[in-house]
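Remember, the numbering used here sits 57 above the position in the sequence shown when you count from 1. We put the beta carbon where it would ideally sit given N, CA and C, even for glycine. The structure displayed is predicted, hence computed values, not measured ones.
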Amino acid sequence: MRRTSTLTVPVGHGWHDHACWFHSGNQHWREVLVPYLGEGVARDERLLYLSDKSEDELAEDLALLPGRDELVRSGQLTLLPMAPVRGVVGGSAVATQLARVRQAAEDAVSDGYRCLRLAADSAHPVQGRDDAIRFVHSELLVDELVSRAPLLLLCGYDGRFVDRRAAAALAFVHPIRQRAAFGIESGLYADMEDPHCWRLQGELDLASREVFEIALDAVPIHGDLHLKLGDLTFIDVGGVHALASLAERIAPRRLILDDPPTTLSRIVELSRADFPAMRRVPAVC
58 MRRTSTLTVP
68 VGHGWHDHAC
78 WFHSGNQHWR
88 EVLVPYLGEG
98 VARDERLLYL
108 SDKSEDELAE
118 DLALLPGRDE
128 LVRSGQLTLL
138 PMAPVRGVVG
148 GSAVATQLAR
158 VRQAAEDAVS
168 DGYRCLRLAA
178 DSAHPVQGRD
188 DAIRFVHSEL
198 LVDELVSRAP
208 LLLLCGYDGR
218 FVDRRAAAAL
228 AFVHPIRQRA
238 AFGIESGLYA
248 DMEDPHCWRL
258 QGELDLASRE
268 VFEIALDAVP
278 IHGDLHLKLG
288 DLTFIDVGGV
298 HALASLAERI
308 APRRLILDDP
318 PTTLSRIVEL
328 SRADFPAMRR
338 VPAVC
């Protein structure tokens, strides 16, 4: 099982952790970034800092990281001026960047480091539902990688350019998020064991309806879609209707609900008459 939690400080991370942090500009981001990477130094991890900034600007962000220059010279720290592929759907750019990060994580372990600790920051505006879907889709693709590679990742977003709805949706697909800003204990994350399977957890009700629908609209579809629901504690009828819409959208591929709560199984059965798409949704206990 992957660790899911809220946090108030950006330390205490381990393998497969995928956290988001909404900041308010360079100074606030640096106050988060330096202790996060500093923890990686103490744990003998390789460090990679990726952002759409120049190499000098990346170095300036880490001016207070002890031994920064020596870490760069030794190869333990890499500064990579490259725009994270957030908000990009399909195409070679996403596949290329994911492959590059995967290879860097494998190289880190083969070179004797415990894993790769990655930080990625972007000030790209995320405004409105369409932007939210694109960025959530990118984060879910990244989460698939983080869940299976010797890797942990801190995603920085400049909150001044992200509207509240998009920020909530982005938090929903990060297993770890800030407590002060996003305290709801629900989310959609990649499963560690089964490729292209997703875990839903927590309560899905009116308060989380919109972000849940955005996540379902954004989830990558590779074939039949499995949702593992063993950690889902509640879902209302509106949430079931969102699942019906997803089943209709991905047909003829199937939406398969693994280990659903008893109440959900009953709602699915009762909904089959009113929502034809639900007839194609197996609920596997």
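- Query: When you compare only the Cα positions, how much space is there between Glu226 and Val166?
  - Reply: Against the sequence shown, residue 226 aligns to sequence position 169. Against the sequence shown, residue 166 aligns to sequence position 109. One point to set straight first is that residue 226 is Ala, not Glu, in the sequence displayed. For Ala226 and Val166, the distance between alpha carbons rounds to 33 Å.
- Starting from the Cα of Asp178, find the closest Cα among Arg222, Thr61, Arg157 and Ala76 and give me that residue. Translated into positions along the sequence shown, residue 178 becomes position 121. Selection Arg222, Thr61, Arg157 and Ala76 evaluated against Asp178 yields Ala76 as nearest (Cα-Cα).
- Message: For the structure I just gave you, are there three or more beta carbon pairs, one from the segment 248-259 and one from the segment 119-136, closer than 8 Å?
- Response: The segment 119-136 and the segment 248-259 do not touch, with fewer than three beta-carbon pairs separated by less than 8 Å.
- Message: I need the straight-line Cα distance from Arg103 to Ile233, nearest angstrom please.
- Response: Locating residue 103 in the sequence shown gives position 46, counting from the first residue. Locating residue 233 in the sequence shown gives position 176, counting from the first residue. Their Cα atoms are separated by approximately 21 Å.
- Please state whether DSSP places His181 in a helix, a strand or coil. The count along the sequence shown starts at 1 and reaches residue 181 at position 124. Correct three-state label for His181: coil.
- Item | First and last residue of the uninterrupted alpha helix (DSSP H) at Trp72 | Walking along the sequence shown from the start, residue 72 turns up at place 15. Judged by DSSP secondary structure, Trp72 falls outside any alpha helix (DSSP H); it is assigned neither H nor E.
- Should Ala176 and Leu64 be called a contact, given that it needs their Cβ atoms to be closer than 8 Å? Residue mapping note: residue 176 aligns to position 119 of the sequence shown, counting from 1. Residue mapping note: residue 64 aligns to position 7 of the sequence shown, counting from 1. No; because the gap between Cβ atoms is not below 8 Å, this pair is not in contact.
- Message: On a Cα-Cα basis, can you pick out the residue from Ile190, Val199, Pro207 and Ala161 that is closest to Arg171?
- Response: Here residue 171 is taken as the residue at index 114 of the sequence shown, counted from 1. Nearest of Ile190, Val199, Pro207 and Ala161 to Arg171, Cα basis: Pro207.
- Which residue comes first and which comes last in the beta strand (DSSP E) that contains Asp113? Locating residue 113 in the sequence shown gives position 56, counting from the first residue. Counting along the chain, no beta strand (DSSP E) covers Asp113; the unbroken alpha helix (DSSP H) around it starts and ends at Glu112 to Asp118.
- Message: Quick check on Ser62: does DSSP put it in helix, strand or coil?
- Response: On the sequence shown, residue 62 is found 5 positions in, with the first residue counted as 1. Here Ser62 carries a strand assignment [DSSP, helix/strand/coil].
- Item | Runs of alpha helix (DSSP H) wholly within the segment 190-251 (minimum 4 residues, chain order) | If we require 4 residues or more, the alpha helix (DSSP H) runs fully inside the segment 190-251 come out as 221-229.
- Could you check the C-alpha separation between Ala308 and Ala272 for me, to the nearest Å? Position 251 of the sequence shown holds residue 308. Position 215 of the sequence shown holds residue 272. Whole-angstrom Cα-Cα distance: 18 Å.
- Own chain, CB closer than 8 Å to Val219, minus 5 neighbours either side, in chain order: As a working note, residue 219 is residue 162 in the sequence shown. Cβ neighbours of Val219 beyond the five flanking positions: Phe79, Pro182, Val183, Gln184 and Leu227.
- Message: Tell me the DSSP secondary structure of Gln133 in three-state form.
- Response: Translated into the one-based positions of the sequence shown, residue 133 becomes position 76. In this structure, DSSP gives Gln133 a state outside helix and strand, which the three-state scheme calls coil.
- Check whether the Cβ of His194 sits closer than 7 Å to any heavy atom of the ligand PLP, and report yes or no. What this structure holds is no ligand at all, so the ligand PLP is not there to describe.
- Item | Beta-carbon proximity list for Leu134, same chain, < 6 Å, skipping 5 on both sides | As a working note, residue 134 is residue 77 in the sequence shown. Counting only residues of its own chain and dropping the five nearest sequence neighbours on each side, Leu134 has a CB closer than 6 Å to the CB of Leu104 and Leu128.
- Message: Using the three-state DSSP reduction, which class does Arg256 fall into: helix, strand or coil?
- Response: Taking the first residue of the sequence shown as position 1, residue 256 is located at position 199. Annotated three-state conformation of Arg256 is strand, per DSSP.
- Beta-carbon contacts of Phe291 that lie in its chain and below 6 Å, excluding the five residues immediately before and after: Walking along the sequence shown from the start, residue 291 turns up at place 234. A distance below 6 Å between beta-carbons, with the five flanking residues on each side excluded, links Phe291 to the following residues of its chain, in chain order: Glu260.
- Buried versus exposed, by CB contacts within 10 Å (16 or more), Arg174: As a position in the sequence shown, residue 174 is number 117, starting the count at 1. By the neighbour-count rule (16 or more Cβ atoms within 10 Å), Arg174 is buried.
- Task: Indicate the three-state DSSP secondary structure (helix, strand or coil) for Ala283 in the structure shown.
- Result: The count along the sequence shown starts at 1 and reaches residue 283 at position 226. The question names Ala, but residue 283 in the sequence shown is His. Here His283 sits in strand by DSSP.
- Under 8 Å between C-beta atoms of Leu155 and Asp118: To locate residue 155, count along the sequence shown from 1; it is residue 98. To locate residue 118, count along the sequence shown from 1; it is residue 61. Between Leu155 and Asp118, the C-beta gap is not smaller than 8 Å, which leaves the two residues out of contact.
- Query: What separation, rounded to the nearest whole angstrom, lies between the Cα atoms of Val66 and Ala330?
  - Reply: Position 9 of the sequence shown, counted from the start, is the residue given in the question as residue 66. Position 273 of the sequence shown, counted from the start, is the residue given in the question as residue 330. If you take the alpha carbons of Val66 and Ala330, they lie about 49 Å apart.
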